[in-house]
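Residue numbers (our numbering): -12 to 454.
Cβ atoms here follow ideal geometry from the backbone N, Cα and C, with glycine treated the same way.
These numbers come from a predicted model, not from an experiment.
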């Protein structure tokens, strides 16, 4: 493989792995905030135990997520130095704010929350966890501000061969950000919700701590249901915006070679021939592509061949067609995963309402398997978003081939890829081991620990630890 392909593979691998942790942190801390709010409002100690138990999993996930995020930052200097030189003035600003403001906000209040049990007032302690929730969402906002610039560049000018930021407000007002952020944030909430519901289902199948995990499941499935429905609406609005700003990505995600005409049918599945620019074996739903693209049952969606001609006329000679098969199927897998989340959320809510959750082993087993669903959905959604933008790094201004570092060799990249993958494997194994250990210990151990002092200068604490 050449340097460009290896650099792209390494970036994709590090980003996908890092993104296993980000949505869970965002979603899990929201659920913990809800649990602690219920503890303060209802004065039921069970909700405090729930917040503490799920808080352990959040802290493990957050810590490993921070480590994998550091590797992400190295990518820009290591493999994408040309991109950093050209776009760093614009791209670096939101990333710097994310690190200096949002990350410090969440890190500071995580510390206060962890050590503040029984030291802070209930209201102050509750405020801490909600500020952590705000911090994780703000982190996502700033990261997506940078990514939205790559999808739809605004607020800058080209001066002396470099992009210089001229309007910071335009970055925040970027319409791409305000269709991408809600989609991502509700996907994250759904991830946290289905992890809580799935882990609760594992223990409910063993009929242990039924009241504890049933209440955890209830909060998880309600958040999951609401998030899943809102996720579908946000995805629809993002698709409509995509038609306007990145029509080639939209055409690739539909495998649409020729202009659709009106009315336009949505292709459910197809066998795509990228050499002949044609499909076979298509199964289509009439009018649906019109509705997805324009919110009405008429319209015309431009095809890949038409857009290729327009891009050549606008940007010069070149191939502006992204990997069509990957874009097409990643979009469909993402959509199917979103649909599964909604259906499971509805069924789970009904079973809870009829008080038949614990007896419904078939559904609990489904919920265990469903832990993977939001991860598959978010990963394929990211693949569609980033691969569908190719060959551009910054749409319309800088191509991926021009962004790669000129002094990095294929051998160096291969070595770093092997090193990173080995590190990721270890981190992933540590994460699974720690999660399994906490779940196996269960909330009963948390109760015991709550009674112990966590002050390192407290003699009683030393006594307890060494028992």
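Helix or strand or just coil, what does DSSP make of residue i?
i: residue 251; result: coil
i: residue 282; result: coil
i: residue 142; result: coil
i: residue 54; result: helix
i: residue 258; result: strand
i: residue 160; result: coil
i: residue 62; result: helix
i: residue 267; result: strand
i: residue 31; result: coil
i: residue 94; result: helix
i: residue 106; result: coil
i: residue 361; result: helix
i: residue -12; result: coil
i: residue 277; result: helix
i: residue 395; result: coil
i: residue 233; result: coil
i: residue 408; result: helix
i: residue 241; result: coil
i: residue 76; result: helix
i: residue 246; result: coil
i: residue 307; result: coil
i: residue 7; result: coil
May I have the straight-line CA-CA distance separating residue i from residue j, to the nearest angstrom?
i: residue 70; j: residue 189; result: 46 Å
i: residue 205; j: residue 339; result: 7 Å
i: residue 371; j: residue 219; result: 16 Å
i: residue 177; j: residue 129; result: 20 Å
i: residue 244; j: residue 293; result: 8 Å
i: residue 303; j: residue 150; result: 20 Å
i: residue 317; j: residue 387; result: 20 Å
i: residue 137; j: residue 86; result: 19 Å
i: residue 229; j: residue 307; result: 16 Å
i: residue 397; j: residue -2; result: 14 Å
i: residue 369; j: residue 231; result: 19 Å
i: residue 181; j: residue 29; result: 24 Å
i: residue 374; j: residue 241; result: 14 Å
i: residue 421; j: residue 50; result: 12 Å
i: residue 414; j: residue 57; result: 13 Å
i: residue 121; j: residue 266; result: 46 Å
i: residue 225; j: residue 270; result: 24 Å
i: residue 171; j: residue 127; result: 8 Å
i: residue 174; j: residue 333; result: 17 Å
i: residue 125; j: residue 53; result: 15 Å
i: residue 395; j: residue -10; result: 7 Å
i: residue 6; j: residue 268; result: 34 Å
i: residue 35; j: residue 191; result: 20 Å
i: residue 264; j: residue 290; result: 10 Å
i: residue 26; j: residue 40; result: 13 Å
i: residue 295; j: residue 135; result: 23 Å
Taking DSSP's pairing of strands, which residues face residue i in a bridge?
i: residue 376; result: None, per the DSSP bridge assignment.
i: residue 272; result: 253
i: residue 386; result: 379
i: residue 151; result: 144
Taking Cβ to Cβ, would you say residue i is nearer than 8 Å to residue j?
i: residue 252; j: residue 315; result: no
i: residue 15; j: residue 45; result: yes
i: residue 249; j: residue 287; result: yes
i: residue 77; j: residue -12; result: no
i: residue 62; j: residue 132; result: no
i: residue 384; j: residue 140; result: yes
i: residue 364; j: residue 418; result: no
i: residue 272; j: residue -4; result: no
i: residue 276; j: residue 258; result: no
i: residue 235; j: residue 298; result: yes
i: residue 311; j: residue 261; result: yes
i: residue 233; j: residue 382; result: yes
i: residue 208; j: residue 336; result: yes
i: residue 357; j: residue 331; result: yes
i: residue 113; j: residue 23; result: yes
i: residue 327; j: residue 355; result: no
i: residue 55; j: residue 90; result: no
i: residue 164; j: residue 142; result: no
i: residue 115; j: residue 92; result: no
Is any non-hydrogen atom of the ligand COA found closer than 7 Å to the C-beta of residue i, if you look at the structure I gave you?
i: residue 53; result: Of ligands this structure carries none, so the ligand COA is not represented either.
My understanding is that residue i touches residue j, with C-beta atoms under 8 Å, so please give their C-beta distance in whole angstroms.
i: residue 200; j: residue 214; result: Contact flag wrong, Cβ pair sits at about 20 Å.
i: residue 366; j: residue 3; result: 6 Å
i: residue 211; j: residue 184; result: 6 Å
i: residue 118; j: residue 96; result: 4 Å
i: residue -6; j: residue 66; result: 4 Å
i: residue 377; j: residue 309; result: 4 Å
i: residue 42; j: residue 19; result: 5 Å
Under a CB-based cut-off of 8 Å, is residue i close to chain B?
i: residue 193; result: You won't find chain B in this structure, because it holds only one protein chain.
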